[in-house]
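Report on one structure; see the data block that follows.
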Amino acid sequence: MPNKPQPGSSLRDLILDLNQTPVARMRLFSEGVNKNTRLFFYETAVGDRACLACGNCVDACPVVRDKQRFVFIQNQRTSMALENIVGLECRRCYNCIQACPQVTKENKDYANSYRRGEKAVHLLLACTIFLLAATGIITSHYRNFLPLFEVSLLDVVHRALGMVLIFLPVLYYMIDRHHFFRLFRKIFSWNRNDLKWVKELIEHLRDHRKNPMPYTGEFNTAQKAWYLYVVCMLPLMAVTGMLMALEFYDTTEPAYFNLLLIHMVVALITDLLLFVHIYIKYLRKWAITVYDLVRVFIKRHHLNYADLYEKGDYAFARYFTLEKRPF
Ligand code: SF4
Ligand code: SF4
């Protein structure tokens with residue numbers, strides 16, 4: 006029996022691991038339009054894998070949404086235009102591959118499953134940290150107000166979740182070794198560009214109209230710092246939590262108090278950073294939508310964003326989609 010190829014070893018995996026738009030390259034792995042899917046001159050269309058300029062990938066891309074909102078000029082709704090807008094900031098969500106009619110189902114399924122293990126671990130990590138924070142806050146702040154059974158139950162759940170947290174890196178290694186090592190390689194590689202990134206961010210915060218946001222793609226400096234923090238936070242929380250749970254020190258000893266203090270301060274910092282992470286990933290796009298709608302309302306006295314396109318008010322739409330936003 007032939008050996009099963011390892012993730013990360015094929016050309017397709019190499020494309021899916023890059024921080025660049027994958028849809029055009031994935032299209033080339035597909036069979037393309039065949040003679041049954043074109044109405045005219047089908048004999049010349051056999052095996053045509055070219056871009057149809059349908060713009061589906063442009064509409065599906067979160068980077069385009071953040072940078073330009075809608076691209077409405079027809080000849081800019083192609084995979085080449087997508088590559089121009091996204092540059093090296095691809096987030097490897099593969100929405101463009103899913104949206105493209107020229108990519109075959111087999112290739113879509115492949116891309117869909119490529120980061121499944123990584124995403125499952127990420128979801129598990131997020132849920133575990135959230136539940137740890139909830140149970141930790143309740144037991145530390147409301148212990149005296151709750152019945153004894155509920156407090157004991159929450160303590161047990163908190164400790165069990167702590168064990169899950171310690172086990173998660175092992176699980177990640179077991180189910181997706183390729184992405185596990187990729188993550189560690191990236192978060193431990195720091196250089197001058199990171200310093201430059203910080204300077205650009207400070208300039209952007211000083212004057213967002215003149216200075217664009219620094220690189221926001223995968224493993225940008227802030228994201229690397231966040232991942233590095235999580236990697237360091239896990240053993241610290243595990244050790245302090247275990248020493249307290251195993252009653253290594255008596256609760257009246259200063260050493261116990263110090264452990265508790267470290268545990269709670271790190272937990273608090275993690276919760277705050279988690280909120281920032283959730284804001285950047287999920288809430289920011291809603292903030293941008295509201296901001297845009299308010300600006301439409303102030304200038305046009307209605308809230309209908311689509312109306313700008315219907316009435317051909319492209320100049321205005323373009324003006325405010327390209328303007329740099331403050332967040
Ligand atoms: S961010 Fe997602 S949709 Fe945009 S180019 Fe990258 S993989 Fe495609
Ligand atoms: S989704 Fe449409 S525009 Fe994008 S690459 Fe595929 S065919 Fe081209």
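Offset between the sequence shown (1-based) and this note's numbering: plus 5.
Backbone N, C-alpha and C define an ideal beta-carbon position, used for all residues, glycine too.
Keep in mind it's a predicted model, so treat the numbers as computed, not measured.
**Q.** Pocket of ligand 1 defined by Cβ to heavy atom distance under 7 Å
**A.** T26, P27, V28, C62, A65, C66, P67, V68, V69, L87, V91, C95, R96, R97, C98, Y99, N100, C101, I102
Q: Using beta-carbon positions only, say whether V91 and T26 come within less than 8 Å of one another.
A: Along the sequence shown, read from residue 1 onward, the residue named residue 91 stands at position 86. Along the sequence shown, read from residue 1 onward, the residue named residue 26 stands at position 21. Contact: yes.
Q) Between the C-alpha atoms of L279 and E258, what's the straight-line distance to the nearest angstrom? A) Numbered from its first residue, the sequence shown carries residue 279 at position 274. Numbered from its first residue, the sequence shown carries residue 258 at position 253. So the two alpha carbons sit approximately 32 Å from each other.
Q: Classify D181 as buried or exposed, calling it buried when 16 or more other Cβ atoms lie within 10 Å of its own Cβ.
A: Walking along the sequence shown from the start, residue 181 turns up at place 176. With 16 or more other Cβ atoms within 10 Å, it is buried.
Q: Taking only the alpha-carbon atoms, compute the straight-line gap between G60 and E208 and give it to the nearest angstrom.
A: Numbered from 1 along the sequence shown, position 55 holds the residue referred to as residue 60. Numbered from 1 along the sequence shown, position 203 holds the residue referred to as residue 208. Going by the C-alpha atoms only, they are around 34 Å apart.
Q. According to DSSP, is A58 helix, strand or coil?
A. Reading the sequence shown from its first residue, position 53 is the one you call residue 58. Coil, per DSSP.
Q) Roughly how far, in whole angstroms, is the beta-carbon of I192 from the beta-carbon of K215, given that I think they are within contact range, below 8 Å? A) What you label residue 192 is simply residue 187 of the sequence shown in a count that begins at 1. What you label residue 215 is simply residue 210 of the sequence shown in a count that begins at 1. Not confirmed; about 31 Å, so no contact.
Q: Would you grab the beta carbon distance between G335 and C95 for me? Rounded to a whole angstrom, and I think it's under 8 Å.
A: With the chain running from 6 to 332 in the structure shown, residue 335 is simply not present.
Q) Does the pairing of the segment 122 to 137 with the segment 160 to 178 give three or more beta-carbon distances under 8 Å? A) yes
Q.
What would DSSP say about L16, mapped onto helix, strand or coil?
A. Sequence index remark: in the sequence shown, residue 16 carries index 11 (1-based). Helix, per DSSP.
(Q) Please state whether the Cβ-Cβ distance between H184 and G122 is less than 8 Å. (A) Taking the sequence shown and counting its residues from 1, one reaches residue 184 at position 179. Taking the sequence shown and counting its residues from 1, one reaches residue 122 at position 117. Result yes, Cβ atoms of H184 and G122 sit closer than 8 Å.
Q. Quick one: what's got a C-beta closer than 6 Å to M31's C-beta in the same chain, skipping five residues either side?
A. The residue you call residue 31 lines up with position 26 of the sequence shown. If we look at M31 and ignore the five residues flanking it on each side, its Cβ neighbours are I102, V108, N112.
Q | Collapsed DSSP secondary structure at F262 in the structure displayed | A | Here residue 262 corresponds to residue number 257 of the sequence shown, with the count starting at 1. Of the three classes helix, strand and coil, the one that applies to F262 here is helix, per DSSP.
**Q.** Cβ neighbour criterion (16 or more within 10 Å) applied to V63
**A.** Here the question's residue 63 lines up with position 58 in the sequence shown. Looking at its Cβ environment, which holds 16 or more other Cβ atoms inside 10 Å, V63 is buried.
Q) For V281 versus M242, is the C-beta distance shorter than 8 Å? A) Taking the sequence shown and counting its residues from 1, one reaches residue 281 at position 276. Taking the sequence shown and counting its residues from 1, one reaches residue 242 at position 237. Contact flag unset, no.
Q.
According to DSSP, simplified to helix, strand and coil, what is Q107?
A. In the sequence shown, the residue the question calls residue 107 occupies position 102. It is coil, neither helix nor strand.
Q | Whole-Å CB distance - C56 paired with T83, under 8 Å assumed | A | As a working note, residue 56 is residue 51 in the sequence shown. As a working note, residue 83 is residue 78 in the sequence shown. About 5 Å separates the two Cβ atoms, so the contact holds.
Q) Can you tell me the Cα-Cα spacing of D160 and L23, whole angstroms? A) By one-based count along the sequence shown, residue 160 stands at place 155. By one-based count along the sequence shown, residue 23 stands at place 18. When rounded, the distance between both Cα atoms is 43 Å.
Q: State the CB to CB distance for the pair Y234 and M249, rounded to an integer number of angstroms; the pair is presumed to be in contact (CB under 8 Å).
A: By one-based count along the sequence shown, residue 234 stands at place 229. By one-based count along the sequence shown, residue 249 stands at place 244. With a Cβ gap of about 22 Å, Y234 and M249 do not count as contacting.
Q.
By the DSSP assignment, the alpha helix (DSSP H) with H307 in it spans what residues?
A. Here residue 307 corresponds to residue number 302 of the sequence shown, with the count starting at 1. Here H307 belongs to no alpha helix (DSSP H), and DSSP marks it neither H nor E.
Q: Taking 8 Å as the cut-off, decide whether the C-beta atoms of D276 and A138 are in contact.
A: Mapped onto the sequence shown, residue 276 falls at position 271. Mapped onto the sequence shown, residue 138 falls at position 133. Yes, these two residues count as a Cβ contact at 8 Å.
**Q.** Reduced DSSP category for Y371 - H, G, I as helix; E, B as strand; rest coil
**A.** Here the chain has residues from 6 to 332 only, and residue 371 is not among them.
Q: Give every residue of the same chain whose Cβ lies closer than 7 Å to the Cβ of L327, excluding the five residues on either side of it in the sequence, and list them in chain order.
A: Mapped onto the sequence shown, residue 327 falls at position 322. Residue confidence for L327 is low, a pLDDT of 46 falling below 50, so the modelled location carries little weight and cannot support an answer.
Q: Answer yes or no: the CB of L21 versus the heavy atoms of ligand 2, is any distance below 7 Å?
A: Position 16 of the sequence shown holds residue 21. False, no ligand heavy atom lies under 7 Å from that Cβ.
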